[in-house]
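The structure under discussion appears below in the form of structure tokens.
2 protein chains.
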Amino acid sequence: MNEPVALEAADGLEARSELLEGLIGYALRRTTIVVMADFIDAMEGLGMRPVLFSMLAVIRENPGINQTTLGRALGIQRANLVPLVNELISRRLVDRRRHPKDGRAFALFMNGEGGLLLDEAIARVSRHEERVLAGLGDAERRQLLTLLNKVRSG
Amino acid sequence: MNEPVALEAADGLEARSELLEGLIGYALRRTTIVVMADFIDAMEGLGMRPVLFSMLAVIRENPGINQTTLGRALGIQRANLVPLVNELISRRLVDRRRHPKDGRAFALFMNGEGGLLLDEAIARVSRHEERVLAGLGDAERRQLLTLLNKVRSG
DNA sequence: TATTGTTATACTCTATAACTATA
DNA sequence: TATAGTTATAGAGTATAACAATA
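Protein sequence lines correspond, in order, to chains F and Y. Be aware that the first sequence starts at 7, since it is given in my numbering, and climbs by one per residue. Be aware that the second sequence starts at 7, since it is given in my numbering, and climbs by one per residue.
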């Protein structure tokens with residue numbers, strides 16, 4: 007409440023950092039945390055996490071995909087994908103069959119129940135994106151997506 | 007290599023999802039992972055992680071800040087902040103003193119060694135941001151920062 | 001009663017190395 | 001030799017509940 011004094015405690019209720027506020031990496035990290043938290047809220051009761059949602063989306067759009075390719079598409083290492091795929095299998099959302107031409111590989115397919123769950127999740131994701139992007143116009147949303155992909159492909 | 011056939015394995019080397027590619031949340035998450043990985047590379051040998059960097063920045067710019075306020079500024083819960091502050095203390099980058107007017111609280115101050123480390127980290131962060139933003143012009147960089155903060159605050 | 005810092009705990013994500021079976 | 005999937009393990013981030021000391 008008073009003017010700051012050197013070596014006195016700056017223990018107000020709020021603190022800022024001009025350095026951090028100028029860094030895009032920091033803004034990316036903090037914004038992602040906020041958006042992912044809203045995603046998780048939006049999925050309440052579905053047992054859906056961001057990583058499971060993205061796996062279901064890729065599997066449905068790429069029927070028969072194997073785990074290595076799935077992991078590469080999503081930036082997940084093979085070893086870390088194993089328990090995640092097992093989770094989808096044991097929840098009967100995805101079917102896993104031996105690959106017809108490569109005995110080492112599995113082929114993953116979305117089944118009916120997985121499709122229903124994904125559809126419900128997609129409906130919730132639409133509302134979630136509308137909520138977190140409420141402050142942006144259509145042009146700004148397209149611009150943000152373009153800029154993010156530019157950085158990522160960079 | 008051939009045209010896709012229903013229920014045949016789509017086990018090519020690459021897979022995409024139009025659904026995910028349209029979601030800003032997904033773009034945020036993937037882009038942040040790429041940028042954070044480059045940050046970590048940039049800090050090689052410094053023992054610096056994103057969270058420690060942000061803590062040092064806030065402590066230097068808010069001398070005497072207590073742990074609760076520091077955590078609130080960075081979105082870190084008090085309980086999770088304890089081992090992180092201990093790490094900075096044991097590495098002699100930050101000093102912790104009892105708060106003069108509140109016996110429950112600590113007041114955190116950056117010391118000389120912490121300042122030197124933070125300065126070196128800032129120099130590396132500048133090169134890191136230049137690297138990950140190389141594909142964007144100045145106007146685009148400002149725009150991205152503005153849009154990210156709009157989403158986060160919105 | 002409320003707040004600061006702490007401890008304990010559990011879950012998720014991530015990273016690495018080594019193994020098996022198949023190619 | 002190389003690749004697909006697996007196992008084991010360790011580190012880091014995150015979330016909750018409960019406690020002691022102090023306000």
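Note that the Cβ used here is the ideal one computed from N, Cα and C, for glycine as well. As the structure is a computational prediction, the values presented were derived from the model and not from experiment.
Within 8 Å, strictly: CB atoms of residue i and residue j
| i | j | result |
| --- | --- | --- |
| M61 (chain F) | L90 (chain F) | yes |
| F45 (chain Y) | G31 (chain F) | yes |
| M42 (chain Y) | A127 (chain Y) | no |
| L99 (chain Y) | L123 (chain Y) | yes |
| G160 (chain F) | V138 (chain Y) | yes |
| A153 (chain F) | Q149 (chain Y) | Note on residue identity: the sequence assigns Leu, not Ala, to residue 153 (chain F). Contact: yes. |
| R78 (chain F) | M116 (chain F) | no |
| V131 (chain F) | L29 (chain Y) | yes |
| R147 (chain Y) | T38 (chain F) | no |
| A21 (chain F) | N68 (chain Y) | yes |
| I33 (chain Y) | L151 (chain F) | Rather than Ile, the amino acid found at residue 33 (chain Y) in this sequence is Ala. A contact, by the Cβ cut-off of 8 Å. |
Of the residues the options, the one placed nearest residue i, counting alpha carbons only
| i | options | result |
| --- | --- | --- |
| L142 (chain F) | Y:N155, Y:R103, Y:R110 | Y:N155 |
| R102 (chain F) | F:R78, F:A129, F:N72, F:G28 | F:N72 |
| H5 (chain F) | F:A33, F:L29, F:E20, F:D47 | Residue 5 (chain F) lies beyond the range of chain F shown here (7 to 160); nothing can be said about it. |
| T74 (chain F) | F:H105, F:G28, F:E24 | F:H105 |
| I95 (chain F) | F:G51, F:E50, F:G120, F:R147 | F:G120 |
| G70 (chain Y) | Y:R97, Y:D144, Y:K107, Y:S23 | Y:K107 |
Listed by chain order, chain F residues near residue i by CB distance under 8 Å
| i | result |
| --- | --- |
| A129 (chain Y) | Simply none; closest approach about 12 Å. |
| L58 (chain Y) | In chain order: nothing, as chain F lies at least about 13 Å away. |
| Q161 (chain Y) | As shown, chain Y starts at 7 and ends at 160. That puts residue 161 (chain Y) outside it, with no answer to give. |
Partner residues on chain Y for residue i, Cβ-Cβ distance less than 9 Å
| i | result |
| --- | --- |
| M42 (chain F) | G31, L34, R35 |
Proximal residues of chain Y, C-beta to C-beta of residue i below 8 Å
| i | result |
| --- | --- |
| G51 (chain F) | Under the 8 Å cutoff, chain Y gives no residues; its nearest Cβ is about 19 Å from G51 (chain F). |
| E67 (chain F) | A21, R22, S23, E24, L25 |
| A79 (chain F) | E20, A21, R22, S23 |
| V88 (chain F) | None at all; the shortest Cβ gap to chain Y is about 17 Å. |
| A171 (chain F) | Outside the displayed range of chain F (7 to 160) lies residue 171 (chain F), so it cannot be described from this structure. |
Chain-ordered neighbours of residue i on chain F, where CB pairs are closer than 7 Å
| i | result |
| --- | --- |
| N155 (chain Y) | A33 |
Beta-carbon neighbours of residue i, restricted to chain F and to distances below 9 Å
| i | result |
| --- | --- |
| E119 (chain Y) | Result: empty, since nearest Cβ-Cβ is about 17 Å, beyond 9 Å. |
Residues bridged to residue i [DSSP beta-bridge criterion]
| i | result |
| --- | --- |
| V100 (chain Y) | Y:M116 |
Handout entry: Complete runs of the beta strand (DSSP E) confined to the stretch 8–87 of chain Y [at least 3 residues]
Key = none
Practice task
Can you check the stretch 117–150 of chain Y for any alpha helix (DSSP H) of at least 4 residues that lies completely inside it and give the ranges in chain order?
Solution key: 118–138
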